[in-house]
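Participant: As given, the protein sequences belong to chains E and B, one line each in that order.
Residue numbers for the first sequence follow the working numbering, so the first one is 6 and each next one is one higher.
Residue numbers for the second sequence follow the working numbering, so the first one is 6 and each next one is one higher.
Below is a structure I'd like to ask you about.
2 protein chains.
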Amino acid sequence: MPGTPSFDDERFTQFGMLVEGYQQVVRALEDTLKSDCDLSMPWFEVLLRLGRSPEYTLMMSELAAQLGVTSGAVTRLIDRISAAGYVSRQACDEDRRVQWAKLTPAGIAKLEQAAAVHLSDLDREYFGRLSDREVSAVSKAMDELRQPLGTGL
Amino acid sequence: MPGTPSFDDERFTQFGMLVEGYQQVVRALEDTLKSDCDLSMPWFEVLLRLGRSPEYTLMMSELAAQLGVTSGAVTRLIDRISAAGYVSRQACDEDRRVQWAKLTPAGIAKLEQAAAVHLSDLDREYFGRLSDREVSAVSKAMDELRQPLGTGL
DNA sequence: GATCAATGGTTGATGTGTCAAAGATTTAGT
DNA sequence: ACTAAATCTTTGACACATCAACCATTGATC
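Next up, the structure:
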């Protein structure tokens with residue numbers, strides 16, 4: 006009977022569970038990061054990636070790869086973050102196509118504060134709400150989903 | 006030693022697993038939905054919610070609630086989708102503040118096609134890559150995260 | 001029944017993302 | 001060495017989200 010198509014298929018619901026739970030947690034994390042540190046999640050991610058890199062420095066394209074976004078997105082993100090004084094751009098002498106993004110001292114200070122805040126947010130919103138077993142199960146499943154299909158064809 | 010702050014805390018990594026796995030799957034789903042049906046995920050979500058509703062119809066604000074976005078977002082989304090002919094707006098006589106969004110026949114047809122495509126995408130990108138046990142574990146965990154904190158204070 | 005708060009929707013400003021095109025520079029191939 | 005391909009970044013056009021302000025309308029209070 007094609008009169009009632011499969012708009013209520015259980016798989017939609019099941020996957021919707023993942024989507025809603027994920028979005029709920031991410032939204033809560035974004036809210037507290039915003040109110041406590043005045044940082045959006047993309048800004049925090051940039052600071053964190055740079056904070057983990059030697060010299061607090063990354064190429065624009067490497068930053069894009071780590072963030073999982075296009076280089077165009079990073080160009081504008083760094084425009085805004087550098088206007089706020091947390092990062093600076095600098096040219097590369099060996100390859101004059103590349104631009105380095107580097108944390109400023111203000112950026113390092115901001116990251117130190119924000120990382121602590123974010124860790125406690127993570128504890129409250131994620132780790133504190135699941136058992137260790139659940140966290141492991143989720144991590145393992147997501148790790149399996151992480152690499153795209155067809156890499157070994 | 007404050008020289009090396011906790012930018013590499015394991016919790017960042019663990020949660021990053023969830024973020025990356027989730028984004029990977031969602032991106033794959035969006036790509037195939039786009040290439041096979043020429044629908045973005047927000048458009049598909051709108052069609053699906055309307056397709057499940059009596060008369061294929063919902064108030065703007067109810068649609069916003071189901072999608073988990075603001076009413077402003079829905080206003081513009083329906084602007085675009087109705088320009089494509091998949092939904093129509095219609096005024097409400099009982100309460101002249103409300104606008105109904107209703108699937109057109111073209112919208113119903115599109116949804117029927119897209120729902121089938123999306124279900125098979127879901128099988129390939131999500132259900133096919135995890136065991137039943139893993140899917141259950143993820144769904145259970147995400148369901149627990151779904152309701153915001155502080156609802157029972 | 002006049003006022004005032006709550007509700008439903010739209011709009012303007014802005015942040016964040018995409019894609020595709022363009023620019024500059026480097027690397028490879030003959 | 002010179003042309004051609006690949007790489008890095010930026011830019012323009014646009015999709016999609018937020019917030020805050022605003023307008024209309026409804027409902028509740030006095």
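For glycine and all other residues, C-beta sits at the position ideal for the given N, C-alpha and C.
Since the structure is predicted, the reported quantities are computational estimates derived from the model, not experimental observations.
1. Using a Cβ-Cβ cut-off of 8 Å (strictly less than) and excluding sequence neighbours within five positions of Val30/E, which residues of its own chain qualify?
2. Of the residues Met65/B, Trp105/B, Ala121/B, Arg102/B, which one's Cα is nearest the Cα of Thr37/B?
3. Pull up the CB-CB distance for Lys107/B and Tyr61/B, whole angstroms please, since I reckon it's below 8 Å.
4. If you measure from the beta carbon of Glu139/E to each beta carbon in chain B, is any gap under 8 Å?
5. What would DSSP say about Ser141/B, mapped onto helix, strand or coil?
6. Report back the beta-carbon spacing between Gln28/E and Gly73/B to the nearest angstrom; my notes put them in contact at under 8 Å.
7. Going by DSSP in three states, Ala96/E sits in which element: helix, strand or coil?
8. Using the C-alpha atoms, what's the distance from Arg32/E back to Val79/E?
9. 8 Å is my cut-off, CB to CB: does Met22/B come that close to chain E?
10. Assuming the contact rule is C-beta atoms closer than 8 Å, Thr55/B and Val92/B should be a hit. Round their C-beta distance to whole Å, please.
11. Is there a Cβ from chain E that is less than 8 Å from the Cβ of Ser11/B?
12. Can you tell me which residues form a DSSP beta bridge with Met64/B?
13. For Asp126/B, collect the residues of the same chain with a Cβ closer than 6 Å to its Cβ; drop the 5 residues on either side in sequence, then sort them by chain order.
14. So Trp48/E packs on Ile83/E, CB below 8 Å; how close in whole Å?
15. Which whole-angstrom value describes the C-beta separation of Arg134/B and Glu149/E, a residue pair presumed to lie in contact below a C-beta threshold of 8 Å?
16. Going by C-alpha to C-alpha distance, which of Asp137/E, Val143/E, Ala119/E, Arg57/E sits closest to Leu42/E?
17. Would you list, in sequence order, the uninterrupted alpha helix (DSSP H) runs of no fewer than 4 residues that lie entirely inside the stretch 10-47 of chain E?
18. Arg85/B lies in the alpha helix (DSSP H); which residues open and close that run?
19. Under 8 Å, do Gly26/E and Met147/B count as touching if we go by C-beta distance?
20. Could you tell me whether any Cβ in chain E is nearer than 8 Å to the Cβ of Arg102/B?
21. Please name the residue, chosen from Thr18/B, Ser76/B, Arg94/B, Ser144/B, that lies closest to Thr109/B on a Cα-to-Cα basis.
22. Alpha carbon to alpha carbon, how far is Asp128/E from Arg81/B? Give it in angstroms, no decimals.
23. Relative to the C-alpha of Lys39/B, which residue among Glu139/B, His123/B, Arg101/B is closest?
24. Could you tell me if Gly8/E is buried or exposed, where buried requires 16 or more neighbouring beta carbons within 10 angstroms of its beta carbon?
25. Sorted by chain position, which residues of the same chain lie with C-beta nearer than 7 Å to Glu50/E's C-beta, five sequence neighbours on each side aside?
26. Contact check, Ser76/B vs Ser66/B under 8 Å by CB: the rounded distance?
27. Measuring straight from C-alpha to C-alpha, what distance separates Val140/E and Phe17/B?
28. Which chain E residues sit within Cβ distance under 9 Å of Glu149/B?
29. Around the Cβ of Gly112/E, are there at least 16 other Cβ atoms within 10 angstroms (buried) or fewer (exposed)?
30. Gln29/E versus chain B: which residues are under 8 Å apart at the beta carbon?
31. For chain E, is any of its Cβ atoms less than 8 Å away from the one on Leu68/B?
32. Going by DSSP in three states, Arg129/B sits in which element: helix, strand or coil?
33. Just the C-alpha distance for Glu53/E and Lys145/E, rounded to the nearest angstrom, thanks.
Facilitator: This is what the structure holds:
1. In the first sequence, counting from the first residue as 1, residue 30/E sits at position 25. Contacts found: Glu130, Tyr131.
2. The sequence position of residue 37/B within the second sequence is 32, counting from 1. When each option's Cα is compared against that of Thr37/B, the closest is Ala121/B.
3. On the second sequence, position 102 is the one that residue 107/B refers to. On the second sequence, position 56 is the one that residue 61/B refers to. That pair is a contact at about 6 Å.
4. Counting from one through the first sequence, the residue named residue 139/E turns up at place 134. True, the Cβ-Cβ gap to chain B drops below 8 Å.
5. One-based indexing of the second sequence puts residue 141/B at position 136. DSSP places Ser141/B in helix when its eight states are reduced to three.
6. Your numbering for residue 28/E matches position 23 in the first sequence. Your numbering for residue 73/B matches position 68 in the second sequence. Contact flag correct, Cβ pair sits at about 6 Å.
7. Numbered from its first residue, the first sequence carries residue 96/E at position 91. Here Ala96/E sits in strand by DSSP.
8. Along the first sequence, read from residue 1 onward, the residue named residue 79/E stands at position 74. Along the first sequence, read from residue 1 onward, the residue named residue 32/E stands at position 27. Distance between the alpha carbons of Val79/E and Arg32/E: 22 Å.
9. Position 17 of the second sequence holds residue 22/B. Yes, its Cβ sits closer than 8 Å to a Cβ of chain E.
10. Here residue 55/B refers to the residue found at position 50 of the second sequence. Here residue 92/B refers to the residue found at position 87 of the second sequence. Looking at the sequence itself, residue 55/B is Leu, so the reference to Thr does not match. The Cβ separation is near 7 Å, so the contact holds.
11. Here residue 11/B is taken as the residue at index 6 of the second sequence, counted from 1. Closer than 8 Å to some Cβ of chain E, the Cβ of Ser11/B qualifies, so yes.
12. Stepping through the second sequence from its first residue, residue 64/B is reached at position 59. In DSSP, Met64/B forms a bridge with Trp105/B.
13. Your numbering for residue 126/B matches position 121 in the second sequence. Within the same chain, Asp126/B has close Cβ partners Leu34, Thr37.
14. Working through the first sequence from its first residue, we reach residue 48/E at position 43. Working through the first sequence from its first residue, we reach residue 83/E at position 78. Not really, about 10 Å apart at Cβ, beyond 8 Å.
15. Against the second sequence, residue 134/B aligns to sequence position 129. Against the first sequence, residue 149/E aligns to sequence position 144. Rounded, the Cβ-Cβ distance is 6 Å, consistent with contact.
16. Taking the first sequence and counting its residues from 1, the one referred to as residue 42/E is at position 37. The displayed chain sequence assigns Cys, not Leu, to residue 42/E. The option with the nearest alpha carbon to Cys42/E is Ala119/E.
17. 15-42
18. As a position in the second sequence, residue 85/B is number 80, starting the count at 1. Its alpha helix (DSSP H) spans residues 76-88.
19. Here residue 26/E corresponds to residue number 21 of the first sequence, with the count starting at 1. Here residue 147/B corresponds to residue number 142 of the second sequence, with the count starting at 1. A contact, by the Cβ cut-off of 8 Å.
20. As a working note, residue 102/B is residue 97 in the second sequence. No, because no Cβ of chain E sits closer than 8 Å to the Cβ of Arg102/B.
21. Against the second sequence, residue 109/B aligns to sequence position 104. Of the candidates Thr18/B, Ser76/B, Arg94/B, Ser144/B, the one whose C-alpha sits nearest the C-alpha of Thr109/B is Arg94/B.
22. If you number the second sequence from 1, residue 81/B lands on position 76. If you number the first sequence from 1, residue 128/E lands on position 123. Roughly 36 Å between the two C-alpha positions.
23. Your numbering for residue 39/B matches position 34 in the second sequence. Checking every option, the nearest Cα to that of Lys39/B belongs to His123/B.
24. Translated into positions along the first sequence, residue 8/E becomes position 3. Confidence at Gly8/E is low in this model, with a pLDDT of 49, below 50, so the placement of that residue should be treated as unreliable; the coordinate-derived value is given next. Its Cβ having fewer than 16 others within 10 Å, Gly8/E is exposed.
25. Working through the first sequence from its first residue, we reach residue 50/E at position 45. For Glu50/E, where only same-chain residues beyond five positions count, the Cβ hits under 7 Å are Leu72.
26. To locate residue 76/B, count along the second sequence from 1; it is residue 71. To locate residue 66/B, count along the second sequence from 1; it is residue 61. Indeed they touch by this definition, with Cβ atoms about 6 Å apart.
27. Counting from one through the first sequence, the residue named residue 140/E turns up at place 135. Counting from one through the second sequence, the residue named residue 17/B turns up at place 12. Roughly 13 Å between the two C-alpha positions.
28. Taking the first residue of the second sequence as 1, we reach residue 149/B at position 144. Neighbours of Glu149/B on chain E, chain order: Gly26, Arg134, Leu135, Glu139.
29. Walking along the first sequence from the start, residue 112/E turns up at place 107. Classification of Gly112/E: buried, given that the 10 Å Cβ count is 16 or more.
30. Position 24 of the first sequence, counted from the first residue, corresponds to residue 29/E. By Cβ distance, chain B contributes Leu150, Arg151, Gln152, Pro153.
31. Your numbering for residue 68/B matches position 63 in the second sequence. Cβ-Cβ to chain E under 8 Å: no for Leu68/B.
32. On the second sequence, position 124 is the one that residue 129/B refers to. Correct three-state label for Arg129/B: helix.
33. Numbered from 1 along the first sequence, position 48 holds the residue referred to as residue 53/E. Numbered from 1 along the first sequence, position 140 holds the residue referred to as residue 145/E. The question names Glu, but residue 53/E is Leu in the sequence shown. Cα to Cα, the separation comes out at about 23 Å.
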